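Protein chains: 2
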Amino acid sequence: MKLYDLPASPNARRVRIFVAEKGLDIPLVPVNMMENENKTDEYMAKNSLGRMPLLELDDGSCIAESMAICRYLEELHPEPPLLGRDALDKAMVEMWQRRMEFELLMPIIAVFRNTAEMFKDRVQQIPEMAEVEAENVKAKIEWLEKELEGKQYIANDEYTAADITAQCSFVMAKAALGIRIPEEMSNLNQWWERVTSRPTARA
Amino acid sequence: MKLYDLPASPNARRVRIFVAEKGLDIPLVPVNMMENENKTDEYMAKNSLGRMPLLELDDGSCIAESMAICRYLEELHPEPPLLGRDALDKAMVEMWQRRMEFELLMPIIAVFRNTAEMFKDRVQQIPEMAEVEAENVKAKIEWLEKELEGKQYIANDEYTAADITAQCSFVMAKAALGIRIPEEMSNLNQWWERVTSRPTARA
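Line by line, the protein sequences are chains A and B. For what it's worth, this note's numbering labels the leading residue of the first sequence as 32, then goes sequentially. For what it's worth, this note's numbering labels the leading residue of the second sequence as 32, then goes sequentially.
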């Protein structure tokens with residue numbers, strides 16, 4: 032098994048943290064996107080969308096999409112459960128993981144893609160789009176602060192994939208856009224302290 | 032159990048088809064978005080993002096997000112499996128379901144939101160965004176045609192949630208944007224025939 036990795040990508044980081052939380056040791060193969068290593072025929076045969084992360088199994092099967100990789104690893108190594116325990120709990124983790132992905136991570140990535148120098152020649156940047164999504168990110172951070180009232184973690188009372196997605200979103204927001212959790216948001220700041228003090232946070 | 036529904040929404044349709052494929056009979060509660068029924072305090076207490084579909088259980092628990100609802104129903108009613116059988120198969124269904132969601136459904140919704148009259152007062156419409164995403168949709172339909180070569184269904188050799196998401200994407204593309212599967216794309220047209228001839232297609 033090997034994991035094709037894009038070190039700075041929030042999606043790749045989600046999977047690396049998931050792997051570390053499971054206590055697994057999967058060899059990483061860094062793919063240099065700036066050198067178009069993800070667009071070679073060899074790589075495109077593994078993932079026709081040319082994206083990372085990608086998990087290649089020993090029989091050559093390739094699993095793309097961060098959450099599909101996590102789902103596979105959860106099936107093989109159920110402990111500790113990061114995608115929920117019983118039916119309702121699994122639904123709650125899925126709901127919150129998706130909310131973190133759609134309400135935080137994607138708008139943050141949208142702001143970055145529509146403003147960053149490195150994407151200038153790769154996508155048609157739309158500054159108005161970046162503005163709209165930056166406002167959206169701010170509003171969703173306020174929403175999440177309220178939703179965290181009385182909660183230790185995002186989906187339930189333990190650390191799950193929903194926390195991983197949220198924490199990788201905030202890492203990117205800070206590093207790429209300078210957006211931080213406002214000081215007065217005590218729920219989010221306590222949660223941030225809780226998740227980033229885990230030994231896996233820098234995976 | 033009851034399902035808060037938005038009849039014309041592709042996300043709500045995905046869940047209705049999933050429910051019908053499982054042979055379940057869950058009462059539908061239509062929510063009128065144009066009358067802001069999804070923004071009442073009562074509804075916002077069930078889903079603080081004010082969106083449909085939403086599954087309310089008899090104990091009052093509420094599950095938002097289409098795929099979280101499907102995950103819950105799959106756990107309770109595993110037959111027929113619509114989210115995969117073994118670990119690798121589940122990963123493949125998740126991968127393809129997400130690809131259909133991110134590469135087809137979301138760009139189609141983005142074109143609609145950025146052009147439709149009904150969204151004029153609800154979102155800040157960006158015509159350039161609609162153009163970029165419409166090109167994206169076209170490119171992804173071509174990509175999918177190639178990916179379907181030699182395959183009966185999108186994720187594996189049986190009908191799964193990945194097909195449901197793709198079919199609801201094409202329903203919306205046609206109804207809302209007039210985008211159809213080009214005649215010369217035989218793989219996609221055969222697949223379309225296959226999925227829309229199922230008794231659940233009009234759920």
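C-beta: ideal position from N, C-alpha, C; glycine also. Quantities reported herein were computed from a predicted structural model and do not represent experimental measurements.
Anything in chain B within Cβ reach of A/S40, meaning under 8 Å, just list it in chain order. The contacting residues do not exist; A/S40 stays about 15 Å from chain B at best.
Residues of chain B with CB under 7 Å from A/A118, in chain order? Y103, E106, L107
Would you mind listing the alpha helix (DSSP H) stretches within the stretch 39-74 of chain B that are 4+ residues and don't spill past its ends, in chain order? 41-52
Spatial neighbours of A/M32 in its chain, beta-carbon cut-off 8 Å, leaving aside the 5 residues before and after: I57, P58, L86, E87, L88, D89
Buried versus exposed call for A/P14 [16 or more other C-beta atoms within 10 Å across all chains shown]: Summary: the structure shown does not reach residue 14 of chain A, with chain A confined to residues 32 through 234, and so no result is reported for it.
Any contact of the stretch 90-101 of chain B with the stretch 153-171 of chain B, i.e. 3+ C-beta pairs under 8 Å? no
Is A/S200 closer than 8 Å to A/M123 when the C-beta atoms are compared? no
Check this for me: beta carbons of B/F49 and B/I195, under 8 Å apart or not? yes
Distance between B/L107 and A/A118 (C-alpha atoms, nearest Å): 7 Å
Does the stretch 140-156 of chain B come close enough to the stretch 171-187 of chain B to have 3 or more Cβ pairs within less than 8 Å? no
In chain B, which residues lie with their C-beta within 9 Å of the C-beta of A/V163? V154, Q155, I157, M160
Delimiting residues of the alpha helix (DSSP H) encompassing A/Y119: In the sequence on display, residue 119 of chain A carries Leu and not Tyr. First-last of the alpha helix (DSSP H) with A/L119: 118-130.
In chain A, which residues lie with their C-beta within 9 Å of the C-beta of B/W174? S79, L80
If you drop the 5 nearest sequence neighbours on each side, which residues of the same chain put their C-beta closer than 6 Å to that of A/A204? I139, I210
Under 8 Å Cβ-Cβ, which residues of chain A neighbour B/K121? R102, Y103, E106
Should B/T191 and B/G115 be called a contact, given that it needs their Cβ atoms to be closer than 8 Å? yes
Chain B contacts made by the stretch 127-144 of chain A, where a contact means CB separation under 9 Å: W127, Q128, R129, R130, F133, E134, M137
Cutoff 8 Å; reference B/E68; Cβ partners in own chain excluding five residues on either side: V62, Y74
Can a CB atom of chain A be found closer than 8 Å to the CB of B/I212? no
In chain order, what are the residue ranges of uninterrupted alpha helix (DSSP H) at least 4 long that sit wholly in the stretch 191-225 of chain A? 192-208
Under 8 Å, Cβ to Cβ, is there at least one residue of chain B near A/A95? yes
Own chain partners of A/N78 with C-beta closer than 7 Å, once the 5 adjacent residues on each side are dropped: L85, C93, A95
Which of the three DSSP states is assigned to A/I94 in this structure? strand
Have a look at B/L208, B/Q183, B/A207 and flag the residue whose alpha-carbon is nearest the alpha-carbon of B/L219. B/Q183
Based on Cα-Cα distance, which residue from A/E166, A/S217, A/G54, A/R82 lies nearest to A/E178? A/S217
Just tell me which of B/P109, B/F143, B/E105, B/F133 has its CA closest to the CA of B/A207. B/F143
If you measure beta-carbon to beta-carbon, which residues of the stretch 55-77 of chain A are closer than 7 Å to chain B? none
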